[in-house]
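K.L.:
In our numbering, the protein residues as written are 1 to 1006.
We treat Cβ as the ideally placed atom computed from N, Cα and C, and that holds for glycine.
Have a look at the structure that comes next, please.
Put into structure tokens, the structure is as follows:
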């Protein structure tokens, strides 16, 4: 024993120094480790991590070193360091036997879970060895894992873990709550209800469960239970929950058809993210509708935009009915049309179509003609009980819509719906419309179509009359005469409005045929009738006077001229002039001179003033009153230098000088006429007269020298010239146009500067113009107007202007028209010049000049309504182009009083436009409705009116009407690209605005 003790002591003595040094180091490291651990427990993670790192570097103990690595990684997790996960992964890899390995997974997972980083938490929960967890940790592990899956909406995985703790004392209630929610989200409402029932007694769940249970009962169709549960929670809910409960309660009442109770709750709903959808608007609108609150119903229904489902079809149908209840028929038409275009309910589709058809007839339709709508319905629903009524409406709709062209196409192409009476009427009315537009040949074609179906005697008579009128205006006087006579013999003629003026028209037709005795008979018949009145009676008196005058019955002529003057005729100057001339033919020369002088003094601006001066001069010559004659001719030269009588008066003056021995002065005037008016009859007479003076004076060489300088006549060929011309003129006078053309062309080839060249060019121009060969007529007219003014100048200017207008060569036309206005003697040609100068200036965008001409036209009291409306339209259009809408508005208002056809449609559109600009949106819409009702045949203005109506409705806060109309414009009027582009822009603006409150509205940005 002693020996052992000694050995032990010796061992201790020998070993002590090394052992003592190692133990001190270990103890020191352990102290530092424990210090770091305390820092960790006190959440001093950065300091703890630093100290753990220092301790780990000094240790040789794997277990303690592994623990340090564990805590270093844990600190990194809690400090949210970027390499935290890697440090933990390194710990697990480097220290696989460390007892903290499993704890590391669960600890990191729990840390992430507690900080709401559920995706990170699940990553670490997946690494945990669930079997090695103590029972006390398993429930927490399962609940947290389930909740992490739940928060990531992976409900199937969440459900697996929640089910593991559904009976847990600590986690069971929570698990059931979330299991219930998962069932709720999966539409398994019975299961959800059972789970929620198990936890609803717990205060922390009670508040939220009321909403879910109310919603589930609603979805299960248990509406009263949904209402009860929703009301329990309603007053204590936060704003968002209260909004959702409002929807559940309101919609439950709605489904129970308790609409009055539903309305306040439906109104309280705030929508998803502050937006309602189309179904939300429909439910509130329908509730109002069922309560008879139609305006409120409209206010909700018309927010349903772009709807294309059964809800939308139902909504649009009831929207239409609401509009009808408030007599808003245009709005109702649009809504019925929309509902009729959807296929979700066949019953609603058919009834909507029926109402759409009836309203189209009643108020008009800008989308398509009312007749087409009616026929389409009858064909689509042949067994509908209302079809007999619709067939009656169809006939009237042809006329009331004034869509005659469309109606004709329909009747001609749709053999299954033949109506000969309707065809007779619409072809007549379309013919009349074409007549008013000046398209006379087309008008005749349609009057003939009407006459082929002589069903109604009155329309047969009217078509006969207007066909004759068209022939008259085409200068087909023989055909017109036949037509007028047929009209007067028809049994229905006397009952027509045309009968009152028929004798006037017949008289005028005879007048144009120069059958003056017959003209007198009918003009007398007209002026003595009780129907004669106004401008037509005044004109008839003048033409009656002319007819007597031409037939040398001067006293009756003067009686009628006096009657015309007393009636206040717009042509008093003409009547006074003719009356003065007539006195000369009844040997009352002094009275004639007195009347002519009175005329010249009174009518200082009359187009007949130069006629009067020339006639007065001639009368003085006849009275051998040479001095007065010379004074009168000089006055003519001075005051009317460009008169067509200038050359004639110069010749008269020259002859007076020659007859009174003033040969030198006479010769000077003859030479002036030949120089200034070449190729005229006066020029040829002047050459002949000058020749005599030269011969008398013995200056034949001087004569020959002078004549050589004249290029319009060859003295030696004058007889051949004259004979060749006469050979051409004869067939012209006999209406043998082909032969006349050949001979006139031959004459001009042989005598291009002949004494009759002017006449030959003019007559060739007339002949080619009559054959519609304008290219050949033009050079001949240009020759005439290029020469000095003659008796042919005026008509040549009118014709060449007409040619260039037809070719739309407005620049050339305008030049000739301006000359015609100045040079014309006939009032009709002055009106023609001013009217077409107005139109040509507008086409050339010379708007100020166009307005100047239009004002001139309107100052003429003799023009008819069609010319007046043309002038007012030019003023209006020019004002619009130059931004003067005030002037345009006034002009269009005048147009609307007298215009027909397209101009009337244009005026009506602008009436709506100006009302829109003034903010009178409802009045503007009423005008657009009238446009659709009365002028649906003019598609452009129908489309423009619809676009305007859409803007009006949006200004009236009716987004549905606005968007529906714009969609229709885009779909139905593709030919008007500018209008469609504008409609698309407006539609995009409206949808962008409406999408801010209606989640169902899709925009390009969505």
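1. What residue from 427, 259 and 395 has the CA that sits closest to residue 408's CA?
2. Closest by CA to residue 341, which one among 327, 328, 330 and 356?
3. Candidates 413, 499 and 38: which alpha carbon is nearest residue 50's?
4. Rounded to the nearest angstrom, what separates residue 437 and residue 492 at their Cα positions?
5. Go through the stretch 632 to 682 residue by residue and report every complete run of the beta strand (DSSP E) that reaches 3 residues or more, in order.
6. Could you give the C-beta distance for residue 271 and residue 262, rounded to a whole number, given that I count them as a contact under 8 Å?
7. Report all residues from its chain with a CB closer than 8 Å to the CB of residue 381; omit the five preceding and five following residues, and keep chain order.
8. Could you tell me which of 95, 98, 139 and 151 sits nearest to residue 121, measuring between CA atoms?
9. Quick one: what does DSSP say residue 993 is sitting in, helix, strand or coil?
10. For residue 760, I'd like the list of residues in its chain whose CB is within less than 7 Å of its CB, leaving aside the five on either flank, ordered along the chain.
11. Would you report the Cα separation of residue 836 and residue 817, rounded to the nearest angstrom?
12. Taking 7 Å as the threshold (C-beta atoms), are residue 858 and residue 850 in contact?
13. Can you list, in chain order, the residues of its chain with a C-beta nearer than 6 Å to that of residue 572? Leave out the 5 residues immediately preceding and following it.
14. Excluding the 5 residues preceding and the 5 following residue 317 in the sequence, name in chain order all residues of the same chain whose CB lies nearer than 6 Å to its CB.
15. Give the DSSP bridge partners of residue 275, in chain order.
16. Determine the DSSP secondary structure at residue 597, reduced to helix, strand or coil.
17. Thinking C-beta only, is residue 451 closer than 7 Å to residue 443?
18. Taking only three categories from DSSP, how would you classify residue 720?
19. For residue 998, name the three-state secondary structure that DSSP assigns.
20. Exposed or buried, residue 700, counting other C-beta atoms within 10 Å across all chains shown (16 or more means buried)?
21. Pull up the distance between the alpha-carbon of residue 886 and that of residue 861, whole angstroms please.
22. Determine the direct distance from the alpha carbon of residue 66 to that of residue 95, and round the result to whole angstroms.
23. Closer than 7 Å, CB to CB, is residue 287 near chain B or not?
24. Once you ignore the five residues that flank residue 599 on each side, which residues in its own chain have a CB closer than 7 Å to its CB?
25. Can you give the Cα-Cα distance for residue 54 and residue 123, rounded to whole angstroms?
26. Using 10 angstroms around the beta-carbon of residue 555, count the other beta-carbons present and answer buried if the total reaches 16, otherwise exposed.
27. Classify residue 826 as buried or exposed, calling it buried when 16 or more other Cβ atoms lie within 10 Å of its own Cβ.
28. Under DSSP, the alpha helix (DSSP H) around residue 795 begins and ends at which residues?
29. With a 10 Å radius around its C-beta and 16 neighbouring C-beta atoms as the bar for buried, classify residue 977 as buried or exposed.
30. For the 8 Å Cβ check, are there 3 or more pairs between the stretch 606 to 622 and the stretch 636 to 643?
31. Under 8 Å by Cβ, that's how I've got residue 658 and residue 693 pegged, so tell me the actual separation to the nearest angstrom.
32. Apart from the five residues on each side of it in sequence, which residues of its chain come closer than 7 Å, Cβ to Cβ, to residue 405?
33. Measuring straight from C-alpha to C-alpha, what distance separates residue 231 and residue 997?
34. For residue 288, tell me which candidate among 275, 802 and 302 has the shortest Cα-Cα distance.
35. Whose CA, out of 496, 495, 497 and 486, lies closest to the CA of residue 506?
36. In three-state DSSP terms, what is residue 441?
P.N.:
In brief:
1. 427
2. Answer by Cα proximity: 356.
3. 38
4. Rounded to the nearest angstrom, the two C-alpha atoms are 26 Å apart.
5. none
6. 16 Å between Cβ atoms; not a contact.
7. Around residue 381: 350, 353, 354 and 387.
8. 151
9. DSSP, read as helix, strand or coil, puts residue 993 in helix.
10. 725, 728, 744, 747 and 748
11. 7 Å
12. no
13. By the criterion of a C-beta distance shorter than 6 Å, residue 572 is surrounded in its chain by 565, once the five residues flanking it on both sides are discounted.
14. 339, 348 and 352
15. 272
16. helix
17. Taking the C-beta atoms as reference points, residue 451 is found no nearer than 7 Å to residue 443.
18. helix
19. strand
20. exposed
21. If you take the alpha carbons of residue 886 and residue 861, they lie about 25 Å apart.
22. 6 Å
23. Structure shown: chain B not included; a single protein chain is present.
24. Contacts found: 576, 577, 580 and 612.
25. 30 Å
26. exposed
27. exposed
28. 793 to 806
29. exposed
30. yes
31. 7 Å
32. 430 and 937
33. 27 Å
34. 302
35. 486
36. helix
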